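Asks: Can you keep this structure in mind? I'll have questions shortly.
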Amino acid sequence: MKHSLPILLIALCLIGCSMKDGPSIADPNDPAGKGAPRMIISGRVTDTANVALPGIYISVPGEREPNEREILSYNYAITDSAGQYTIIRYRGRELPVEVTVVATDSTGLYQEQQRFVPVAYDTVRTVAGYTRYNAYVKADFVLSQEKSQP
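Taking my numbering, the leading residue of the sequence shown gets 4, the next gets one more, and so forth.
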């Protein structure tokens, strides 16, 4: 009987230490289970001849907080030489069904394009069952040249 108290204290410490960060959600890309869910927006931008367009500004205006400062690859991206881009941001608490993605050419050669794109989710197992976790948005653009002014 006098040995049961130390065993109980050790068991409580082990349980408490393993739960100190709260219940973990198993993210397949984060085996430690400490990452927050992400929204990954990616795609490719080409012209009407299927030529990759580098230097195109990609934004997701509906996901940005009003006072949020601009951070490359978090709330906007610039296409690379292959026309590819990726934005990775925290998903937050909301589970949007679609997001708005905008492609803008700062040189004015190509017309700006706005798309409403569906969101797909992966799921992870939690204590309560399965839940949606990371959000994925795939938005490819085909930009047309601006019409020349008369």
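Where is the CB? At the ideal position from N, CA and C, for every residue including glycine.
Here the structure is a predicted model, which is why all the values come from computation and not from measurement.
Closest Cβ-Cβ distance between Thr82 and chain D: below 7 Å?
Replies: The structure shown has no chain D; it contains just one protein chain.
Asks: Considering Ala85, what are the terminal residues of the beta strand (DSSP E) in which it resides?
Replies: On the sequence shown, residue 85 is found 82 positions in, with the first residue counted as 1. First-last for Ala85: undefined, no H or E at that position.
Asks: Give the secondary structure of Gly36 by DSSP, where H, G and I count as helix, E and B as strand, and everything else as coil.
Replies: On the sequence shown, position 33 is the one that residue 36 refers to. Confidence in Gly36 is poor, its pLDDT being 48 and thus under 50, which makes the residue's placement unreliable; the coordinate value appears in the next sentence. In the structure shown, Gly36 sits in coil (DSSP, three-state: anything other than H, G, I, E or B).
Asks: According to DSSP, Pro121 sits in a beta bridge with which residue or residues?
Replies: Position 118 of the sequence shown, counted from the first residue, corresponds to residue 121. Note: Pro121 sits in a beta bridge opposite Glu101.
Asks: Is Val105 near the ligand ATP, in the sense that its beta carbon is under 6 Å from a heavy atom of that ligand?
Replies: Ligands displayed in this structure: none; no statement on the ligand ATP is therefore possible.
Asks: Which whole-angstrom value is the C-beta distance of Arg118 and Ala142, which I expect to be below 8 Å?
Replies: For the purposes of this step, residue 118 is identified with residue 115 of the sequence shown, where counting begins at 1. For the purposes of this step, residue 142 is identified with residue 139 of the sequence shown, where counting begins at 1. About 6 Å separates the two Cβ atoms, so the contact holds.
Asks: Is Gly65 helix, strand or coil when you go by DSSP?
Replies: Taking the sequence shown and counting its residues from 1, one reaches residue 65 at position 62. Reduced to three states, the DSSP call for Gly65 is helix.
Asks: Please name the residue in Thr89, Gln116, Val102 whose C-alpha comes closest to that of Gln148.
Replies: Taking the sequence shown and counting its residues from 1, one reaches residue 148 at position 145. Of Thr89, Gln116, Val102, the residue nearest in Cα terms is Gln116.
Asks: When you compare the CB positions of Ala80 and Ile61, do they come within less than 7 Å of one another, or not?
Replies: As a first step, residue 80 is located in the sequence shown; it is residue number 77 there, counting from the start. As a first step, residue 61 is located in the sequence shown; it is residue number 58 there, counting from the start. Against a cut-off of 7 Å, the Cβ pair of Ile61 and Ala80 comes out as a contact.
Asks: Closest by CA to Ala106, which one among Val140, Met42, Val48, Arg41?
Replies: Within the sequence shown, numbered from 1, the residue matching residue 106 stands at position 103. Comparing Cα positions, the closest option is Val48.
Asks: Among the residues of its own chain, which have a CB less than 6 Å from the CB of Ser84, if the five just before and after it don't count?
Replies: Indexing the sequence shown from 1 puts residue 84 at position 81. Pro57, listed in sequence order.
Asks: According to DSSP, simplified to helix, strand and coil, what is Thr110?
Replies: Along the sequence shown, one-based indexing puts residue 110 at 107. Note: Thr110 maps to coil in three-state DSSP.
Asks: Look at the alpha carbon of Pro121 and the alpha carbon of Leu112, and state the distance between them as a whole number of angstroms.
Replies: In the sequence shown, counting from the first residue as 1, residue 121 sits at position 118. In the sequence shown, counting from the first residue as 1, residue 112 sits at position 109. The straight-line gap from Cα to Cα measures roughly 28 Å.
Asks: Rounded to the nearest angstrom, what separates Ile91 and Ala55 at their Cα positions?
Replies: Along the sequence shown, one-based indexing puts residue 91 at 88. Along the sequence shown, one-based indexing puts residue 55 at 52. Those two C-alpha atoms are separated by around 21 Å.
Asks: If you count every other CB in all the chains shown that lies within 10 Å of the CB of Tyr88, and 16 or more means buried, which is it?
Replies: Taking the first residue of the sequence shown as 1, we reach residue 88 at position 85. Buried is the call here.
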